[in-house]
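Visitor: Count the sequence shown with numbering that gives the first Met the number 0 and you get residues 0 to 461, in order.
Glycine included, each C-beta is placed from N, C-alpha and C at the ideal position.
Source: prediction; values computed, not measured.
Pasting in a structure now, in structure tokens, and then I'll have a few things to ask.
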Amino acid sequence: MPRLTVAVTLLVSSLLLYGTVAYGVIFDKSMIQNVMETNSGEAFAYLNSTLLLFFFLLGLVPVVAVFNQEINGKLVARVKHLLKLNVLAVVGIIIIAAGLYKDYAAVGRNNKDLAKYIIPYAFYDSGYKYLRDTYLYPPLPYKVLDKTPSIINRNNALPSTTVLVVGETARADKFASNGYSRNTTPFMNDIGAVSFNDVTSCGTATAVSVPCMFSRLSRQSYDVRIAESQDNVLDIIHRAGADVTWIDNNSSCKGVCKRIETIAFDPSRDPSLCDGDFCYDVLLNALLKDVLSIPAESNRVIVLHMIGSHGPTYFRRYPTEFAKFSPECPRSDIQNCESQALLNTYDNTIAYTDFVLGEIVRTLRNVPNASMLYLSDHGESLGEKGLYLHGFPYQIAPQEQTHIPMLFWASKFEDSDYRNCIKNLANHPYSQDNLFDTLLGLSSVKSITYQPTMDIFKQCEA
0 MPRLTVAVTL
10 LVSSLLLYGT
20 VAYGVIFDKS
30 MIQNVMETNS
40 GEAFAYLNST
50 LLLFFFLLGL
60 VPVVAVFNQE
70 INGKLVARVK
80 HLLKLNVLAV
90 VGIIIIAAGL
100 YKDYAAVGRN
110 NKDLAKYIIP
120 YAFYDSGYKY
130 LRDTYLYPPL
140 PYKVLDKTPS
150 IINRNNALPS
160 TTVLVVGETA
170 RADKFASNGY
180 SRNTTPFMND
190 IGAVSFNDVT
200 SCGTATAVSV
210 PCMFSRLSRQ
220 SYDVRIAESQ
230 DNVLDIIHRA
240 GADVTWIDNN
250 SSCKGVCKRI
260 ETIAFDPSRD
270 PSLCDGDFCY
280 DVLLNALLKD
290 VLSIPAESNR
300 VIVLHMIGSH
310 GPTYFRRYPT
320 EFAKFSPECP
330 RSDIQNCESQ
340 ALLNTYDNTI
350 AYTDFVLGEI
360 VRTLRNVPNA
370 SMLYLSDHGE
380 SLGEKGLYLH
390 GFPYQIAPQE
400 QTHIPMLFWA
410 SKFEDSDYRN
420 CIKNLANHPY
430 SQDNLFDTLL
440 GLSSVKSITY
450 QPTMDIFKQC
460 EA
């Protein structure tokens, strides 16, 4: 049993070390949640020769050495020997630490997150907390936040159609509509969408940001157990009588859509757009058309969950004909790509997202009283400060992982006064905390949960 424990620890540690060295990943509780909710397609995207080398040299080779080591002597003698070694080690650590106390004490007090880099301790500690909170604590009783929400009939207007597009891993500073030097958003610019350039996410990973942005809880007060045991904004809109549909081209809705109609991507629908593990996001527009083909008797809200710029295999997020910037980084060990090639590939994913959003708006132009709101779940690191991907603890996460894009288009933009009013809000600071009330406002739902000051577009409504 001791050898088996050591073997498992060595194998796990080799993978953890790769994640930390290659991508700068910290394995806290949120990261463990991400790992547990990752599907096979996402997991295999991380498989590469560098990972296998880490696993072989730092995992398998030491494990073989452990099992080939002969252990002689009686148990008591072995225990005494180990105790002596441990005592000597502790004494040595104390002596060294005493001379450097003033240096490491301040560092420890001011950088408590450093403990999360200790492998494999941080993984086991975070894993225990995840298992405890997810499986050991009893579920909280479900709380209905509003039993009688209703739809407001504004001047006998036609039923509204609100399309919310939840992006994946897009960062605001890579959108030309926010001032980026490359023209990554030609379609959004052409249709006159308004880009909000100061928006922050609730988390740095999908498993946190998606349920958080639909929750009544703020980023500071967000707790996954509480959020799962009460209404989210889609539940309230649905209870008011609106048609609510979630269309997913990502791994899942993270529990947000479990009480509403859900449509998952079907790779067999159009094999030219899918490879079995994923589909290009333009498929969402086809699924949107299917939903819109059914006449609406009430207001409707349709959520489109993109795969967007999901890494590390950015090159798989767009068709080859959309490789606008080159050379590319056609591999998953992105830390081994030239910096410019990695940026080119990521920028291609943003440009393709822009194309898909343009297709969605073209579809909505044939729908009366329609609007589209796009925002990403979180951002992404592309080698800045030695970090890659996302999922860093929010308190110390770089802005590349928390500064997200948000775009808005509405058929009411034909009214220049309305569009100008929206445009005047583009530089105001917002966050995913605003989504709950903004969605209630766009779908004309009256609810006791509604906070007008948090509704981004409230002041522009007639």
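Take Thr-244 and list the residues in its own chain whose beta-carbon comes closer than 8 Å to its own, dropping the five residues that flank it on each side.
Guide: The count along the sequence shown starts at 1 and reaches residue 244 at position 245. Short of 8 Å from the beta carbon of Thr-244, and not among the five residues preceding or following it, lie these beta carbons of its own chain, in chain order: Ile-259, Glu-260, Thr-261, Ile-262, Val-290, Arg-299, Val-300, Ile-301, Val-302.
Visitor: For Val-232, count the other beta carbons within 10 Å of its own beta carbon; 16 or more makes it buried, fewer makes it exposed. Which is it?
Guide: Translated into the one-based positions of the sequence shown, residue 232 becomes position 233. Looking at its Cβ environment, which holds 16 or more other Cβ atoms inside 10 Å, Val-232 is buried.
Visitor: Tell me which residues share the same chain as Ala-105 and place their Cβ nearer than 7 Å to its Cβ, disregarding the 5 neighbours each side in the sequence.
Guide: Within the sequence shown, numbered from 1, the residue matching residue 105 stands at position 106. Below a pLDDT of 50, predicted positions are generally treated as unreliable, and Ala-105, at 49, falls in that range; the measurement from the model is reported next regardless. Excluding residues within five positions, none has a Cβ falling inside 7 Å.
Visitor: So what does DSSP say about Leu-9, is it helix, strand or coil?
Guide: On the sequence shown, position 10 is the one that residue 9 refers to. For Leu-9, the three-state secondary structure derived from DSSP is helix.
Visitor: Kindly confirm or deny that the region 188-197 and the region 412-422 touch, where touching means at least three C-beta pairs closer than 8 Å.
Guide: yes
Visitor: Starting from the N-terminal side, write out each stretch of the alpha helix (DSSP H) that is 4 residues or longer and does not extend beyond the region 236-317.
Guide: 281-291
Visitor: What do you get for Asn-426, buried or exposed, if any count of 16 or more other CB atoms within 10 angstroms of its CB means buried?
Guide: Mapped onto the sequence shown, residue 426 falls at position 427. Classification for Asn-426: exposed.
Visitor: Is the Cβ-Cβ distance between Leu-439 and Ser-430 less than 7 Å?
Guide: Here the question's residue 439 lines up with position 440 in the sequence shown. Here the question's residue 430 lines up with position 431 in the sequence shown. Using a Cβ distance threshold of 7 Å, Leu-439 and Ser-430 do not count as a contacting pair.
Visitor: What's the C-alpha gap between Val-86 and Tyr-141?
Guide: Your numbering for residue 86 matches position 87 in the sequence shown. Your numbering for residue 141 matches position 142 in the sequence shown. Cα-Cα distance, rounded: 52 Å.
Visitor: Helix, strand or coil for Val-366? Go by DSSP, reduced to three states.
Guide: Against the sequence shown, residue 366 aligns to sequence position 367. Val-366 sits in coil when the DSSP states are folded into three classes, being neither helix nor strand.
Visitor: Could you check where the beta strand (DSSP E) with Ser-194 kicks off and where it finishes?
Guide: Against the sequence shown, residue 194 aligns to sequence position 195. Per DSSP, the continuous beta strand (DSSP E) segment holding Ser-194 begins and ends at 193-199.
Visitor: Mapping the DSSP letters down to three states, classify Pro-158 as helix, strand or coil.
Guide: Locating residue 158 in the sequence shown gives position 159, counting from the first residue. It is coil, neither helix nor strand.
Visitor: Going by CA-CA distance only, name the one from Tyr-393, Val-366, Asn-368, Pro-137 that's closest to Glu-379.
Guide: Mapped onto the sequence shown, residue 379 falls at position 380. Of the candidates Tyr-393, Val-366, Asn-368, Pro-137, the one whose C-alpha sits nearest the C-alpha of Glu-379 is Tyr-393.
Visitor: For Ala-462 and Gly-91, I'd like the C-alpha separation in whole angstroms.
Guide: This structure does not reach residue 462, given that the chain is present from 0 up to 461, and the question cannot be answered.
Visitor: Can you check the region 375-415 for any alpha helix (DSSP H) of at least 4 residues that lies completely inside it and give the ranges in chain order?
Guide: 398-401
Visitor: Short check: CB of Glu-167 to CB of Met-35, under 7 Å?
Guide: Walking along the sequence shown from the start, residue 167 turns up at place 168. Walking along the sequence shown from the start, residue 35 turns up at place 36. No; because the gap between Cβ atoms is not below 7 Å, this pair is not in contact.
Visitor: Helix, strand or coil for Val-24 per DSSP?
Guide: Indexing the sequence shown from 1 puts residue 24 at position 25. Looking at Val-24 - three-state DSSP - the assignment turns out to be coil, as it is neither helix nor strand.
Visitor: Can the beta-carbon of Ala-169 be found closer than 7 Å to that of Ser-375?
Guide: To locate residue 169, count along the sequence shown from 1; it is residue 170. To locate residue 375, count along the sequence shown from 1; it is residue 376. It is a contact, given that the beta carbons lie within the stated cut-off.
Visitor: Out of Ser-208, Asp-234, His-237, point me to the one whose CA is closest to Val-223's CA.
Guide: As a working mapping, residue 223 is identified with position 224 in the sequence shown. Checking every option, the nearest Cα to that of Val-223 belongs to Ser-208.
Visitor: Our contact map puts Thr-362 next to Leu-287 with C-beta atoms below 8 Å; I'd like the distance itself, whole angstroms only.
Guide: Position 363 of the sequence shown holds residue 362. Position 288 of the sequence shown holds residue 287. Right, their Cβ atoms sit about 6 Å apart.
Visitor: Inspect the beta-carbon positions of Pro-428 and Asp-172 and report whether they are closer than 7 Å.
Guide: Position 429 of the sequence shown, counting from 1, holds the residue named residue 428. Position 173 of the sequence shown, counting from 1, holds the residue named residue 172. No; because the gap between Cβ atoms is not below 7 Å, this pair is not in contact.
Visitor: Identify every residue that forms a DSSP beta bridge with Ile-92.
Guide: For the purposes of this step, residue 92 is taken as the residue at position 93 of the sequence shown. None; Ile-92 has no bridge partner.
Visitor: In the DSSP assignment, the alpha helix (DSSP H) including Cys-328 goes from what residue to what residue?
Guide: Here residue 328 refers to the residue found at position 329 when the sequence shown is read from its first residue. First-last for Cys-328: undefined, no H or E at that position.
Visitor: Check whether the Cβ atoms of Ser-125 and Ile-31 sit closer than 7 Å, and answer yes or no.
Guide: Looking up residue 125 in the sequence shown gives position 126. Looking up residue 31 in the sequence shown gives position 32. Result yes, Cβ atoms of Ser-125 and Ile-31 sit closer than 7 Å.
Visitor: Output needed for His-402: all residues of its chain with C-beta closer than 7 Å, excluding positions within five of it in sequence on either side, in chain order.
Guide: In the sequence shown, the residue the question calls residue 402 occupies position 403. If we look at His-402 and ignore the five residues flanking it on each side, its Cβ neighbours are Arg-170, Ala-171, Asp-172, Thr-199, Gly-378.
Visitor: Which whole-angstrom value is the C-beta distance of Leu-163 and Leu-372, which I expect to be below 8 Å?
Guide: As a working note, residue 163 is residue 164 in the sequence shown. As a working note, residue 372 is residue 373 in the sequence shown. Contact flag correct, Cβ pair sits at about 5 Å.
Visitor: Below 8 Å on the Cβ atoms is my guess for Asp-145 versus Thr-437; work out the distance and round it to an integer in Å.
Guide: The residue you call residue 145 lines up with position 146 of the sequence shown. The residue you call residue 437 lines up with position 438 of the sequence shown. So it is not a contact: roughly 17 Å between Cβ atoms.
Visitor: Roughly how many angstroms lie between the CA atoms of Cys-336 and Gly-390, to the nearest whole one?
Guide: Taking the sequence shown and counting its residues from 1, one reaches residue 336 at position 337. Taking the sequence shown and counting its residues from 1, one reaches residue 390 at position 391. When rounded, the distance between both Cα atoms is 21 Å.
Visitor: Once you ignore the five residues that flank Asp-454 on each side, which residues in its own chain have a CB closer than 8 Å to its CB?
Guide: Position 455 of the sequence shown, counted from the first residue, corresponds to residue 454. Only Asn-433, Asp-436, Thr-437, Leu-439, Gly-440 meet the Cβ criterion.
Visitor: Compare the C-alpha of Pro-158 against each of Phe-321, Ser-370, Leu-10 and name the closest.
Guide: Here residue 158 refers to the residue found at position 159 of the sequence shown. The residue with the shortest Cα to Cα distance from Pro-158 is Ser-370.
Visitor: Can you name, in chain order, every residue of its own chain whose Cβ lies under 7 Å from the Cβ of Gln-358, other than the five neighbours on each side?
Guide: Residue 358 sits at position 359 when you count from the first residue of the sequence shown. Residue 358 is actually Glu in this sequence, not Gln. Result list for Glu-358: Val-281, Asn-284, in chain order.
Visitor: Please report the straight-line C-alpha distance between Asn-152 and Asn-248, rounded to a whole angstrom.
Guide: Your numbering for residue 152 matches position 153 in the sequence shown. Your numbering for residue 248 matches position 249 in the sequence shown. The alpha-carbon of Asn-152 is positioned some 33 Å away from that of Asn-248.
Visitor: Per DSSP, Ile-150 forms a beta bridge with which residues?
Guide: In the sequence shown, residue 150 corresponds to position 151, counting from 1. The partner list for Ile-150 (beta bridge, DSSP) reads Val-444.
Visitor: Name, in chain order, the residues that DSSP records as bridge partners for Lys-142.
Guide: Here the question's residue 142 lines up with position 143 in the sequence shown. Its beta-bridge partners are Gln-229.
Visitor: Could you name the residues of the same chain whose beta carbon sits closer than 6 Å to that of His-355, not counting the 5 residues immediately before and after it, in chain order?
Guide: Taking the sequence shown and counting its residues from 1, one reaches residue 355 at position 356. Residue identity check: residue 355 is Val in the sequence provided, not His. Counting only Cβ-Cβ distances below 6 Å, and skipping sequence neighbours, we find Asp-280, Val-281.
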